[in-house]
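In UniProt numbering, the protein residues as written are 1 to 736. These notes are about the structure you will find just below.
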Amino acid sequence: MSETTNTNEEKKKPTLNGRRALPSNNSNEEENEVPEMEAFGLIPRGFNPKDYLRVVDVHMFKEPHEINKQQHHTDKYYSPKLIVRRGQSFQIQIDFNRPYKSETDQFWLEYLIGRYPQQNKGTYIPIPVGDVLKPGQWGAKITHKENNSVRLSIMSSATCIVGKFRLYVAVWTPFGILRTHRNSATDTYILFNPWCQQDAVYLDDEKEREEYVLNDVGIVFHGNINDIKLRSWSYGQFEENILDACLFLMDKAELELSGRGNPIKICRVASAVINSRDDNGVIAGSWDNTYTYGVAPSAWTGSVDILLEYYSSKQPVRYGQCWVFAGVFNTFLRCLGIPARLITNYSSAHDNNANLQLDFFLDNEGKVDTKLTKDSVWNYHCWNEAWMTRPDLPVGFGGWQVVDGTPQETSDGMYRCGPASVQAIKHGHVCFQFDAPFVYAEVNSDIVYQRREKNGTRVIEKIDTNHIGQLIVTKEVGGDGMMEITEEYKFQEGSEEERLALETAVMYGVKKQTTQDTMYQPQTDVDMDFQVQKAVLGSDFKVTITFRNKSRNYYTATTYLSGNIVFYTGVSKNEFKKQSFSAKLEPSSSSAFNVMIKSSEYLSDLLDQASFHFFVTARINETGKILATQKATVLEVPTLRIKTQGETVAGKEMSVIVEFTNPLKQTLENVTLRLEGPGVLRTMKKEFRQIPMNSTLIWEVKCIPKRPGLRKLIASLNCDALRHVYGQLNVQIQKP
1 MSETTNTNEE KKKPTLNGRR ALPSNNSNEE ENEVPEMEAF GLIPRGFNPK DYLRVVDVHM
61 FKEPHEINKQ QHHTDKYYSP KLIVRRGQSF QIQIDFNRPY KSETDQFWLE YLIGRYPQQN
121 KGTYIPIPVG DVLKPGQWGA KITHKENNSV RLSIMSSATC IVGKFRLYVA VWTPFGILRT
181 HRNSATDTYI LFNPWCQQDA VYLDDEKERE EYVLNDVGIV FHGNINDIKL RSWSYGQFEE
241 NILDACLFLM DKAELELSGR GNPIKICRVA SAVINSRDDN GVIAGSWDNT YTYGVAPSAW
301 TGSVDILLEY YSSKQPVRYG QCWVFAGVFN TFLRCLGIPA RLITNYSSAH DNNANLQLDF
361 FLDNEGKVDT KLTKDSVWNY HCWNEAWMTR PDLPVGFGGW QVVDGTPQET SDGMYRCGPA
421 SVQAIKHGHV CFQFDAPFVY AEVNSDIVYQ RREKNGTRVI EKIDTNHIGQ LIVTKEVGGD
481 GMMEITEEYK FQEGSEEERL ALETAVMYGV KKQTTQDTMY QPQTDVDMDF QVQKAVLGSD
541 FKVTITFRNK SRNYYTATTY LSGNIVFYTG VSKNEFKKQS FSAKLEPSSS SAFNVMIKSS
601 EYLSDLLDQA SFHFFVTARI NETGKILATQ KATVLEVPTL RIKTQGETVA GKEMSVIVEF
661 TNPLKQTLEN VTLRLEGPGV LRTMKKEFRQ IPMNSTLIWE VKCIPKRPGL RKLIASLNCD
721 ALRHVYGQLN VQIQKP
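In structure tokens, the structure reads:
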């Protein structure tokens, strides 16, 4: 190490203040110098360290097939270092220069992390060699002696810091302590342990541990409530350098090393550092359909490229939307050993003033006034749940916790959200940290349609209590199907328990506006609804509006349909269809009216997710009352076809072929294809200048799969005219 770098180091050191004796220790990367000879005083002239017990070599048993990684479920990590889980014993072997004599020789182990190791902070851990191991506490005992070697079993604490530790072996001599020199080959990663009962993230079901910790691919549910779509996402938590990248995120967030054994703290800081707002975090969000100088959110097929790019550039990766934030967050949690799953909430409220209602303002004709309407309904919103105990809350609120890395609103001054107990949200106990009121509103708000009369009074035309949070889902354990978890978040609509939970939430300070000060007498004797025909991108389709007149009166309804091209966040880009008509409603009967939507009306303006939002409002002329309803719909987008050629055997070359046929009545330009599959191939990219209409593109990739077992290939196609085109294929890779 040259002089100059040393002075730079000095400059970087934070100035000490009067409050703390040592600078903050919040980097796993930085190290301190550890003396190899720590003298007790003056060293006599004849002292020769070689006369004493000396360490010749340390064996870590760190290969994937060896005992440590097998027992600790870390054999899938693509890393040459030892990786173990806390609160569970592991083995190492020390070779000395002569046989070890327990009567006269004395040695111990030292684990260090960070630049300022301190014993009381858990960043310096001396481990004497004893006779017994206590479960879940640091300790070491000799299990075997042979010639010059001893075999040790080492137990780590079930609450210890999660990160990369440096290992030294120290030998006592009468004149001082002799230590092994710094050897990065003996570095040991210690992770959370869902298999250990004393760990805060303990999960008792083996099938769930295999899914929520060890599965490196998953499913993202998107689309909307009436048309659920799914796509695969590669988490890739075991891929090369991903573990280091995840530890770097905690350094970036400046989380004190001593707090890194606590999953609550880790989740809270990670939910801020996953997005780039206010801390230059991992992903820059963009919801405006222009993704210059970056990758469109829909093009990513997994988390690995994003994390590795961030780890090397230290600059936010462009661009993400909610499922990208959630996918990367899931990788981070599973990589560190915290059980995690990706959640989709259909019809998710983004309520700007947390009053449990989304206000849609109508003008006198019954159209939505876009200037006044600030709240929005997201077709879907993805977040994560992480599994942990909550010793900071009353009993019963542990288990799944909502964490959300998508920057929506600030929490304690930063864009972050969670961890919020799902159980607390269900029962309305939103007083418990963190951000429970916001999540409660995402799944429980009402939609209120209102308009102002000329004299300034507000008239509420309709309150829709069922639209928000209709369906909350995640991938099922052990399969690719959908598992509904709505009842984990809320009681049955209209039940007594649901009322009680709402009253509890209001008591704990969730604002709920009352409708007393406004007039609200809805038209109850006419029902209106509408259906959107399922349609493929590029084709015409129809919207059918139905009225049911339950009264004995004859009514006429002035009906207005507004079709908007929207972002999946429910924010409108533009209105592409307006149509008014007068509907005659016979007494005690139903009637239906069709409105045709032509592809020429929408194709030029289409956004990312081929997403439309229809508002239908109808004024009953005889009473002046307004009926209003809204629905989102998504067009069917073509898929990519993936197939393999040749035998699929680990270590042998195979071919993957991706095919796509352009369904649009136009040429696609500047098309990017991506293909990845954890354990089979690293992400490949290919650009195509043009794909004429109705023509088929074929892309062949050769690869050598690394690991046997059931693997998944995931592909995406992206261009300005067409996004969210995906394909996936399960492949059984045989043992060689």
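We put the CB at the ideal spot given by N, CA and C, even for glycine. Here the structure is a predicted model, which is why all the values come from computation and not from measurement.
Start and end of the alpha helix (DSSP H) containing residue i?
i: Thr504; result: 496-507
i: Val220; result: Per DSSP, Val220 belongs to no alpha helix (DSSP H); it is in the beta strand (DSSP E), 217-224.
i: Ala272; result: 263-273
i: Leu307; result: 304-313
i: Ser79; result: Looking at the DSSP string, Ser79 is not in any alpha helix (DSSP H), and its letter there is neither H nor E.
i: Ser551; result: Note, Ser551: premise wrong, no alpha helix (DSSP H); not H, not E.
i: His427; result: 422-427
i: Arg209; result: 206-209
i: Ile248; result: This sequence places Phe at residue 248; Ile is not what is there. That run of the alpha helix (DSSP H) goes 242-252.
Nearest to residue i by CA position, among the options, is which residue?
i: Gln423; options: Gly405, Ser445, Pro407, Gly396; result: Gly396
i: Gly41; options: Gly399, Ile177, Arg115; result: Ile177
i: Phe171; options: Ala140, Lys134, Asp105, Thr123; result: Checking the sequence shown, residue 171 turns out to be Val, not Phe. For the residues Ala140, Lys134, Asp105, Thr123, the minimum Cα distance to Val171 belongs to Asp105.
i: Val637; options: Gln645, Val725, Phe615, Asp244; result: Val725
i: Gln198; options: Gln645, Phe491, Thr389; result: Thr389
i: Leu230; options: Pro80, Trp400, Trp323; result: Trp323
i: Pro339; options: Trp195, Tyr111, Thr143, Phe612; result: Trp195
i: Thr667; options: Leu722, Lys702, Ala592; result: Leu722
i: Lys686; options: Ala299, Val616, Phe438, Gly494; result: Ala299
i: Thr413; options: Glu33, Phe434, Gly259, Gly428; result: Note that residue 413 is Gly in the sequence shown, not Thr. Among Glu33, Phe434, Gly259, Gly428, the Cα nearest to that of Gly413 belongs to Phe434.
i: Tyr168; options: Ala200, Ala158, Pro126; result: Pro126
How is residue i classed by DSSP in three states: helix, strand or coil?
i: Lys13; result: With a pLDDT of only 46 at Lys13, under 50, the local geometry of the prediction cannot be trusted, and the value read off the model is given with reservation. Reduced to three states, the DSSP call for Lys13 is coil.
i: His65; result: coil
i: Val328; result: helix
i: Lys29; result: Inspection of the sequence shows that residue 29 is occupied by Glu rather than by Lys. It is coil, neither helix nor strand.
i: Gln533; result: coil
i: His181; result: coil
i: Gly538; result: coil
i: His381; result: strand
i: Met37; result: strand
i: Leu717; result: strand
i: Gly677; result: strand
i: Pro638; result: coil
i: Thr5; result: The predicted model places Thr5 with a pLDDT of 38, which falls under 50 and marks its position as unreliable, so this point remains unresolved.
i: Trp400; result: strand
i: Asp51; result: helix
i: Gly709; result: strand
i: Val430; result: coil
i: Ala284; result: strand
i: Arg416; result: coil
7 Å is my cut-off, CB to CB: does residue i come that close to chain C?
i: Gly478; result: Of the protein chains in this structure there is only one, and it is not chain C.
May I ask which residues mark the beginning and end of the beta strand (DSSP E) holding residue i?
i: Val317; result: 317-320
i: Cys196; result: Segment: none, Cys196 is in no beta strand (DSSP E) and carries neither H nor E.
i: Gln119; result: First-last for Gln119: undefined, no H or E at that position.
i: Gln728; result: 722-733
i: Asp95; result: 90-96
i: Lys702; result: 696-703
i: Phe360; result: 357-362
i: His350; result: 340-350
i: Lys625; result: Per DSSP, Lys625 belongs to no beta strand (DSSP E) and is neither H nor E.
i: Asp227; result: 227-234
i: Trp108; result: 107-112
i: Ile43; result: Segment: none, Ile43 is in no beta strand (DSSP E) and carries neither H nor E.
i: Ser655; result: 654-661
Residue ranges of each beta strand (DSSP E) within the stretch 441-500, 3 or longer: 446-452, 458-464, 471-475, 482-484
Stretch pair the stretch 624-640 + the stretch 526-534: three plus CB contacts closer than 8 Å: yes
Stretch-stretch touch, CB-based, cutoff 8 Å, three pairs: the stretch 532-546 with the stretch 459-478: no
contact_flag[the stretch 684-697, the stretch 604-623] where n(CB pairs < 8 Å) is 3 or more: no
Runs of alpha helix (DSSP H) lying entirely within the stretch 131-189, each at least 4 residues, in chain order: none
Runs of alpha helix (DSSP H) lying entirely within the stretch 561-618, each at least 4 residues, in chain order: 599-602
Given 8 Å, three or more beta-carbon pairs between the stretch 261-278 and the stretch 405-419: yes
Inter-stretch contact (C-beta, 8 Å, three-pair minimum) for the stretch 373-383 and the stretch 567-584: yes
Stretch pair the stretch 495-512 + the stretch 464-484: three plus CB contacts closer than 8 Å: no
Any 3 or more C-beta pairs closer than 8 Å across the stretch 665-683 and the stretch 708-724: yes
contact_flag[the stretch 241-256, the stretch 212-232] where n(CB pairs < 8 Å) is 3 or more: no
Contact between the stretch 544-552 and the stretch 573-593 (3+ Cβ pairs under 8 Å): yes
Contact the stretch 135-152 vs the stretch 87-97: 3+ CB pairs below 8 Å: yes
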